[in-house]
Amino acid sequence: MIIDVHAHWGPWFFTMDVAGASLATMDRYGIDRAVVSHTEAVIYDAAAGNRALARVLEEHDRLLGYVTVNPRRLDEAARDLDAYLPTGRFVGVKIHTDYTGSPVTSARLRDALALVAEAGCPALVHTWGTSVLDLAQVCLDTPDLRVIAGHMGADGFRYAIEAAAACDRLYLEPCWSHAPAGRIAEVAAAVDGRRLLFGTDATLIDPSSAFGAVAAAGLAPDLAERVAWRNAAELFRLDITD
Amino acid sequence: MMAPMTIRDRAGITGTAFDAWRLIGDLEVTLDVDVLVGAYPDRDGPPGTPAEVLGTLARHRIRAGAVAALRAALFDVPSGNDEALALRGAAQDGTSFVPVGTVDLRDPIGAARELERLAAGGVRGVRLFPDEQGVEAGFPSVGHVARRATALGLTVLTGGDVRRFWRPFAGIGARVVFLDTHFYHLGDFLVAAADEPGFHTSTRLLNSPDALETAAAEVGADRLLYGSRTPHAEPLVPLLRLATGGLSPDEVAAVAGGNARRLLS
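So the protein lines, in turn, are chains A and B.
Reminder that position 36 of the first sequence reads as 36 in our numbering, one-by-one numbering, no gaps.
Just remember that our numbering sits 242 ahead of the position in the second sequence, which is counted from 1.
Here's what the structure looks like:
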């Protein structure tokens, strides 16, 4: 059992044609469920992308959805949260700080995360470098917010260790196209195992990147199970039947 | 607010969910084009001793590594290259080194001399470290070294952004492997490689779901070389990508070392 908490559906603007690759890619790595955001919502138009994802989720029961929020358009975001979260097919919020020009330190990102906390679901937020520390501070300042640090800071993974120590409502998700030796093992040794998740960034990145990096860490079986699905199931309040 | 969703666990799976070797199967790499000995003084990372590096390669069924010395890249070229060349013949658990030379792009005059020495010593490849040496693709030094290495019949293994570093190697008949090609920049590599039969790329960062397959379809799998950057990156990641992708068995074997042997052995 693997739950991928950082995945996408839809086309990308690079030299790639993976718009329909999601399920085949999941199968290749034994990923049972993926929580996806629509690329249109992340990159260009959150509302249009959320609408498109709602239609996709009707077709694919292995996918769960993120409502993508553009912090510059919170009225629109509030409407989307009200529309999609009650369906049960959307289980969280995705916020990309770069594509929306909304750094973790910005007031509008704080306002967006306050809205997410009120909605009661977790938020996956893009982090890179030291921004994961800023995210921990926002989480500390926002009661009841549960937040996933997407990419766990990428090259700033040691900051992610600090961030996780600072805020017990912050979770780490490892995907990155680079795989520095020992990155996952170092984080796993230093962070509470209940706050480590698995994510791939598929279909932008092949799951081999995150899967291989986690495999290289040689996690003990109990921790591997937590990372693979148990923590995600608890965080998203999914009912898992063995 | 959110309706619970039932997910049924799959029965019959043993071990952890992250069993990479189950997916890799019996794939072996016969020559990894991107291996280093030595440590970066500005980074926390492995010490990069030859024994440690050989051990890591062997554990990943990588039977040979084209190895360069960071000592040469970061400090002193002649003694660093001597350190790398002395690794010829070193072996552990069926894995060995294929040494490649290094020059310093901050010293194009000395680099040209070192290229002559390397070629005379039977070395087939020279590795460039433009990022580590703070050298940009447009610096005269890069074009100079590219031309001299090509004239000596050396294969060049170069770091740097392929969108910039293709240019000094274009139009001179260079045989070059771009070690840092990221899948974000695959399109730039492909259009450059279409005009340059000597352009190749490492697969290390070609980890989108279709990068290897797209490259094979556009310019041929003979342009792709498995590279791991052992011991500073996880060799398992590009290994897994290659093993689980859509290339034919012959193409996989070529990428896993056949192409590198053609260029370096």
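We put the beta carbon where it would ideally sit given N, CA and C, even for glycine.
Run down chain B in chain order and give the residues with a C-beta less than 9 Å from the C-beta of residue i.
i, result
"L57/A", "Those within 9 Å of L57/A in chain B number zero; the least Cβ separation is about 11 Å."
"L219/A", "T258, F260"
"V243/A", "Past the edges of chain A, shown from 1 to 242, lies residue 243/A, and the structure says nothing about it."
"T68/A", "Near T68/A there are no residues of chain B at all, since even the closest Cβ is about 17 Å away, more than 9 Å."
"A164/A", "Correct list: empty, because the minimum Cβ distance to chain B is about 19 Å."
My guess is that residue i and residue j are in contact by the Cβ rule of under 8 Å, so how many angstroms apart are they, rounded?
i, j, result
"G429/B", "E455/B", "That belief does not hold up - the Cβ atoms of G429/B and E455/B are roughly 14 Å apart, past 8 Å."
"V365/B", "G343/B", "5 Å"
"I161/A", "V187/A", "6 Å"
"P480/B", "R446/B", "5 Å"
"L482/B", "G212/A", "4 Å"
"T68/A", "A41/A", "4 Å"
"L399/B", "G440/B", "Rounded, the Cβ-Cβ distance is 13 Å, inconsistent with contact."
"T443/B", "R417/B", "So it is not a contact: roughly 13 Å between Cβ atoms."
"A463/B", "E493/B", "4 Å"
"L140/A", "C167/A", "5 Å"
"L506/B", "L265/B", "Not quite, the Cβ-Cβ distance comes to about 28 Å (not below 8 Å), so this is no contact."
"E270/B", "R305/B", "6 Å"
Pull up the DSSP beta-bridge partners for residue i, would you.
i, result
"P341/B", "V309/B"
"S37/A", "H8/A"
"V245/A", "No information on residue 245/A is available, as it lies outside the stretch 1 to 242 that chain A covers here."
"Y171/A", "I148/A"
"A475/B", "P180/A"
"A202/A", "A7/A"
"V279/B", "A311/B"
Please list the partners that residue i has in chain B, where partner means a Cβ-to-Cβ separation under 8 Å.
i, result
"S209/A", "N449, V479, R483"
Name the chain A residues whose beta carbon is nearer than 7 Å to that of residue i?
i, result
"E374/B", "The premise fails here: E374/B is roughly 15 Å from chain A at the closest Cβ pair, so nothing lies under 7 Å."
"Y426/B", "F14"
"H442/B", "In chain order: nothing, as chain A lies at least about 17 Å away."
Measure the C-alpha to C-alpha separation of residue i and residue j and round it to an integer number of angstroms.
i, j, result
"D75/A", "N50/A", "14 Å"
"R158/A", "W263/B", "28 Å"
"D27/A", "H151/A", "22 Å"
"L23/A", "H6/A", "14 Å"
"A434/B", "E59/A", "40 Å"
"V279/B", "P473/B", "8 Å"
"A326/B", "G290/B", "12 Å"
"F371/B", "R237/A", "48 Å"
"Y468/B", "T423/B", "12 Å"
"G352/B", "P320/B", "10 Å"
"G297/B", "D268/B", "18 Å"
"D276/B", "W12/A", "29 Å"
"D251/B", "I184/A", "The pLDDT assigned to D251/B is 40, lower than 50, so where the model puts this residue is not dependable, and the model offers no usable value."
"V191/A", "R465/B", "41 Å"
"R409/B", "D373/B", "16 Å"
"A224/A", "V377/B", "42 Å"
"R118/A", "R348/B", "Looking at the sequence itself, residue 118/A is Glu, so the reference to Arg does not match. If you take the alpha carbons of E118/A and R348/B, they lie about 57 Å apart."
"R146/A", "A123/A", "7 Å"
"A253/B", "P221/A", "Reliability fails at A253/B, whose pLDDT of 32 lies under 50, so the model's placement of it is uncertain and the value that follows must be treated cautiously. Taking the straight line from one Cα to the other gives about 16 Å."
"W9/A", "I95/A", "15 Å"
"D286/B", "A179/A", "14 Å"
"T25/A", "V214/A", "17 Å"
Identify the contact partners of residue i in chain A, using a Cβ-Cβ distance below 8 Å as the criterion.
i, result
"P288/B", "A181, G182"
"G429/B", "F14, T15"
"A463/B", "Within chain A, no residue comes near A463/B; the closest Cβ sits about 17 Å away, beyond 8 Å."
"A354/B", "Within 8 Å Cβ-Cβ: nothing; A354/B doesn't reach chain A, min ~33 Å."
"P473/B", "A181"
Starting from residue i, find everything on chain A with Cβ-Cβ shorter than 9 Å and list it in chain order.
i, result
"T215/B", "Because chain B here runs from 243 to 507, residue 215/B falls outside it and cannot be looked at."
"D346/B", "Near D346/B there are no residues of chain A at all, since even the closest Cβ is about 25 Å away, more than 9 Å."
For residue i, go through chain B and note every residue whose CB falls closer than 7 Å to its CB, in chain order.
i, result
"V147/A", "Near V147/A there are no residues of chain B at all, since even the closest Cβ is about 17 Å away, more than 7 Å."
"V251/A", "Because chain A in this structure spans residues 1 to 242, residue 251/A falls outside the shown range and cannot be described."
"R28/A", "T486"
"A188/A", "Ordered by position in chain B, no residue passes the 7 Å Cβ test against A188/A, which lies about 11 Å from the chain."
Would the beta-carbon of residue i be found less than 7 Å away from any heavy atom of the ligand ADP?
i, result
"R503/B", "This structure lacks the ligand ADP, and indeed carries no ligand of any kind."
Report task. Can you check the segment 309 to 388 of chain B for any beta strand (DSSP E) of at least 3 residues that lies completely inside it and give the ranges in chain order? Result -> 337 to 341, 367 to 370
Query raised in the report: Which full runs of the alpha helix (DSSP H) of 4+ residues lie inside the segment 386 to 456 of chain B, going along the chain?
Result: 404 to 407, 428 to 437
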